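Inspection log for the structure reproduced underneath, given as structure tokens.
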Amino acid sequence: MQDVVTVALVVILFEGGTHIGWRRFRSAAGAIVWVGVAGTVVTAAAVATVAHLLFGFGWQAALLLGAALAPTDPAVVFSVLGRREVIGRSGVLLEGESGTNDPVGIALMMVLLGSAGGSLIGRIGAGAGEFALQLGIGGLIGVAGGWGLRWLMQRVPLPSEGLYPLRTLAFGGLVYGLATVVHGSGFLAVFAAGVVIGDINAPYKREVERFLSATSSLAEVVAFVVLGVTVGLNDLGGAVWVGVGIGLLLMWVIRPVLVGLVLWPVRLRLGERVFVLWSGLKGAVPILLGTFAVSSAVAGAERIYEVIFVVVALSVMVQGTTVPLVARWRRVLMRVVEPEPWTLGMRFRERPAGVRRFTVQAGAPADGAAIGGLRLHEDAWISLVSRDGRPVPVKRDTVLQARDDVLVIVGADEPAVRQVFCGPVERRRRSTQ
0 MQDVVTVALV VILFEGGTHI GWRRFRSAAG AIVWVGVAGT VVTAAAVATV AHLLFGFGWQ
60 AALLLGAALA PTDPAVVFSV LGRREVIGRS GVLLEGESGT NDPVGIALMM VLLGSAGGSL
120 IGRIGAGAGE FALQLGIGGL IGVAGGWGLR WLMQRVPLPS EGLYPLRTLA FGGLVYGLAT
180 VVHGSGFLAV FAAGVVIGDI NAPYKREVER FLSATSSLAE VVAFVVLGVT VGLNDLGGAV
240 WVGVGIGLLL MWVIRPVLVG LVLWPVRLRL GERVFVLWSG LKGAVPILLG TFAVSSAVAG
300 AERIYEVIFV VVALSVMVQG TTVPLVARWR RVLMRVVEPE PWTLGMRFRE RPAGVRRFTV
360 QAGAPADGAA IGGLRLHEDA WISLVSRDGR PVPVKRDTVL QARDDVLVIV GADEPAVRQV
420 FCGPVERRRR STQ
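Numbering (numbering that gives the first Met the number 0), first residue to last: 0 to 432.
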């Protein structure tokens, strides 16, 4: 059971890293690392204190429960939002926070399980260095492994198209294994490796992304199925009320107040801040950490796992259903992502140099301008325009609108071309893969 959830989480974190990519991660890197680490430690400590003082857990069991319930899962948030995609800093922060706090929570749990002897203060002191060492080693191996995978994806061809996604996923597993062998955080390593390769141009990159997305969705389902089949509702007993109590305190007190204080230095609008604090849903990681506690034979481990089951269920089914309402109430910027099942493409033997895809931004020089009137370099050529999912004829008198997708053969002066479509400050650009 534990091995199944571990593999599932490796896939989820690796895909999460590739989804956020280095460009988006860099835009909020300081905030992501700060909230991911400090927020996890504060949440774990608060849950442990509540479990000990209000619900009678021993300190060891309380700390394990706190470490298990500290990580968040943005995949649950984005699944309840459906086709709506969060725009701006809050969406990046939610994804990045989870990608960081998942490995932090796991490392914290492993340190607590590995330092079972001695006094509480002694265990905390001994574990702090090990905790920092795991994260440091995991981060370094992840970045190095990501650069190695980047080189492989761009330089080493394979005999079959179907092997490219498999190679990428297998290399992610290799990064996890290497970091674990040298006593680093394998989960942080795979997330970091995913971030490094997220934005690169490489052969069959789109196919790799689709494969990882599908595999990650399957892994998320597997994790929740494991949670369901390993807990009997008749066995929950008093764990229901304990889980409900801790879950409500997490929703209304611990994350809004304590994590809110951690989030205070981060630049966010008030509405975005409220949305981020309310969207700390629980998912696959608490399930995995619960299996760690059970397999370690810690006193009260079964009770810990049952409480985790209740808190995760409460978070997903109750808190999760209100996330879209909070987003609308706080006027969080979102866009509707309509499904695009049809593709138009052309394969090349070599990487197509200078081909870029831009989205026309509101207020940019191209917004409301005819193609023939754009001030483009003579080497730049617009080859395709898409509006609301439909192709638009490319003619001199075709007027571009905000949110049009434009495929451009850029030529030499790419920054000038980018400014025409995206304005002085580029807010969004997607390169063809």
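Glycine is no exception: its CB is placed at the ideal position from the N, C-alpha and C atoms.
Bear in mind that the values here come from a model prediction, so they are computed numbers and not experimental data.
Asked: Inter-residue spacing [alpha-carbon to alpha-carbon] between V91 and I31; Found: 8 Å
Asked: Contact set for H51: own chain, Cβ-Cβ below 8 Å, skip 5 residues either direction; Found: G57, W58 and A61
Asked: Coil, strand or helix - E377 by DSSP; Found: coil
Asked: Stretch pair the segment 167 to 182 + the segment 135 to 142: three plus CB contacts closer than 8 Å; Found: yes
Asked: Sequence-distant residues of its chain with Cβ nearer than 8 Å to R427 (five each side left out); Found: Caution applies to R427, whose pLDDT of 41 falls short of 50 and renders its modelled position unreliable; the model cannot decide the point.
Asked: Same chain, Cβ closer than 7 Å to S294, five either side skipped, listed in chain order; Found: Q1
Asked: Distance, R254 Cα to S314 Cα; Found: 13 Å
Asked: Buried/exposed call for P390, threshold 16 Cβ in 10 Å; Found: exposed
Asked: Nearest-angstrom Cβ-Cβ length linking V309 and G246, presumed shorter than 8 Å; Found: 7 Å
Asked: Cβ-Cβ distance between F13 and G171 below 7 Å; Found: yes
Asked: Where R266 falls, given that 16 or more other Cβ within 10 Å makes a residue buried; Found: exposed
Asked: Contact belief for A192 with L148 at Cβ below 8 Å, rounded distance in angstroms; Found: 6 Å
Asked: Bridge partner(s) assigned by DSSP for M333; Found: V85
Asked: Under the three-state DSSP convention, the category F170 falls into; Found: helix
Asked: CB of G161 within 7 Å of CB of G98, strictly; Found: no
Asked: Cβ distance (whole Å) where G197 is taken to contact I19 below 8 Å; Found: 6 Å
Asked: Proximal residues to G410 (C-beta, below 7 Å), its chain only, five neighbours per side dropped; Found: G353, H376, D378 and A379
Asked: Cβ-based neighbour list, L288, same chain, cut-off 7 Å, excluding 5 preceding and 5 following; Found: A66, A67, G104, I105 and M108
Asked: Member of A365, E305, A213 and V220 whose CA lies at the smallest distance from the CA of A238; Found: E305
Asked: Opposing strand residues paired with L383 [DSSP bridges]; Found: L406
Asked: Closest residue to S212 among T17, K281, V419 and V6 (Cα-Cα distance); Found: T17
Asked: Buried versus exposed, by CB contacts within 10 Å (16 or more), V424; Found: Only weak support is given to the placement of V424: the predicted model assigns it a pLDDT of 48, under 50, and the value that follows is read from those uncertain coordinates. V424 should be labelled exposed.
Asked: Contact check, V85 vs M333, beta carbons under 7 Å; Found: yes
Asked: Assumed close pair L280, D72 - CB separation to whole angstroms, cut-off 8 Å; Found: 6 Å
Asked: Whole-number beta carbon distance between G35 and E96, since they are thought to touch under 8 Å; Found: 5 Å
Asked: Alpha-carbon spacing of V325 relative to R272, whole angstroms; Found: 11 Å
Asked: Through-space distance from T42 to V225, alpha-carbon basis; Found: 25 Å
Asked: Every unbroken beta strand (DSSP E) inside the segment 266 to 339 [3 residues or more]; Found: 333 to 335
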